[in-house]
Amino acid sequence: MNSPRQPRFSIVTVTYNAGNVLESTLLSVIRQTYPYIEYIIIDGGSTDGTLNIIDTYKASLACVISEPDKGLYDAMNKGIREATGDYICFLNAGDTFHTNHTLQQIVDSIRGSSGQFPDILYGETAIVDSKRNFLYMRGLSAPETLTWKSFKQGMLVCHQAFFVNTGLVESYDLQYRFSSDFDWCIRMLKKAKHIHNTHLILIDYLKEGMTTQNHKASLKERFRIMVKYYGWTSTILHHAWFIVRLLFKPEK
256 MNSPRQPRFS
266 IVTVTYNAGN
276 VLESTLLSVI
286 RQTYPYIEYI
296 IIDGGSTDGT
306 LNIIDTYKAS
316 LACVISEPDK
326 GLYDAMNKGI
336 REATGDYICF
346 LNAGDTFHTN
356 HTLQQIVDSI
366 RGSSGQFPDI
376 LYGETAIVDS
386 KRNFLYMRGL
396 SAPETLTWKS
406 FKQGMLVCHQ
416 AFFVNTGLVE
426 SYDLQYRFSS
436 DFDWCIRMLK
446 KAKHIHNTHL
456 ILIDYLKEGM
466 TTQNHKASLK
476 ERFRIMVKYY
486 GWTSTILHHA
496 WFIVRLLFKP
506 EK
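Per this note's numbering, the sequence shown starts with residue 256, numbered consecutively.
Here it is, written out as structure tokens:
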């Protein structure tokens, strides 16, 4: 009896002058015990030590592109075009898989669930410090059952812990500079028929500061995206507190 085919994962890391945090991400992928991986690096033309670090591990990389881009989501679109696996995952520089066995555990979780690979796989995210010490679990936890309507409550699943079957994948919408991943996840969920909760911690997310200006711009974009998919009434009812804060919090 033939064994079922094993899914192949396309892991994409987008970088730009990330030399101080990139190596831990690279090693997190390279040390996975699951063998069916292609690792893609999309670099924006770094001028620090990023390219030297990438070159050190080039034997383990399926594709490296280093050139100027139009921003984070333009770089991610390049990664989509290069991906040939069954699933795509975007692992930011500084973030890592939770353990060296994470991908194997994902595959184990979907075995026997159906004759085909699920459209989307998702799980939980832990927040860690620069020394990879656990701080706390992500504030928004993954729901037991995830649908496109779940994101009325916000981005309940971290982008890095959201694996999409490449047969469904579309490009990121470049009209959004800060929250195109939020829009992308909703679009993918709307297309998906089989969404699988792995019930695993998949990602260790590096706690980093975000400027107040960019954070507020991101919130504004998310609000626009919510209105686009869920309408004004639903968005206002779910996020009355957010609207008050957005409208009345002074600029810094």
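All C-beta atoms in this analysis are idealised placements derived from N, C-alpha and C, irrespective of residue type, glycine included.
- Under the 10 Å beta carbon count, D310 is surrounded by fewer than 16 other beta carbons and is classified as exposed.
- Around L411, the same chain offers L395, S396, A397, P398, L401 and S405 as residues with beta carbons nearer than 8 Å, after the five sequence neighbours per side are excluded.
- Straight-line spacing of the CA atoms in M481 and A314 works out to 42 Å.
- Assigned with DSSP and collapsed to three states, D428 falls in coil, not helix or strand.
- Of all C-beta pairs linking the region 342-350 to the region 448-466, three or more are shorter than 8 Å, placing the two stretches in contact.
- Counting the other CB atoms within 10 Å of its CB gives D363 a total below 16, which places it among the exposed residues.
- A472 and S489 have their C-alpha atoms some 21 Å from each other.
- Here DSSP, grouped into helix, strand and coil, assigns S283 to helix.
- Looking only at F389, Y484 and L282, the smallest Cα-Cα distance to T380 is reached by F389.
- Take the alpha-carbon of Y271 and the one of K386: they are about 21 Å apart.
- Take S279, set aside five residues on each side of it, and the residues of its chain with a beta-carbon closer than 6 Å to its own are T351, in chain order.
- According to DSSP, C344 shares a beta bridge with I266.
- With respect to the 8 Å criterion, V284 and L346 are classified as neighbours on the basis of their beta carbons.
- Within its own chain, the residues whose Cβ lies closer than 6 Å to the Cβ of Y427, once the five positions on either side in sequence are excluded, are Y328, M331, N332, S435 and W439, listed in chain order.
- The beta carbon of V424 sits closer than 8 Å to those of I335, A338, I343 and M443, all from its chain and outside the five residues before and after it, given in chain order.
- Shown here, E322 sits in coil according to DSSP, grouped into three states, outside any helix or strand.
- Under the DSSP definition of a beta bridge, H451 partners with L376.
- For Y391, no alpha helix (DSSP H) encloses it; the enclosing beta strand (DSSP E) starts and ends at F389 to M392.
- Judged by their CB atoms, Y289 and L376 are not nearer to each other than the 8 Å cut-off.
- Secondary-structure assignment with DSSP links E293 through a beta bridge to S265.
- Within the same chain, Cβ atoms closer than 8 Å to the Cβ of F372 are found at P262, D341, Y342, I365 and N420, the five residues on either side in sequence being excluded.
- A direct Cα-Cα distance of roughly 9 Å separates H493 from G409.
- Selection D374, Y484 and K325 evaluated against N452 yields D374 as nearest (Cα-Cα).
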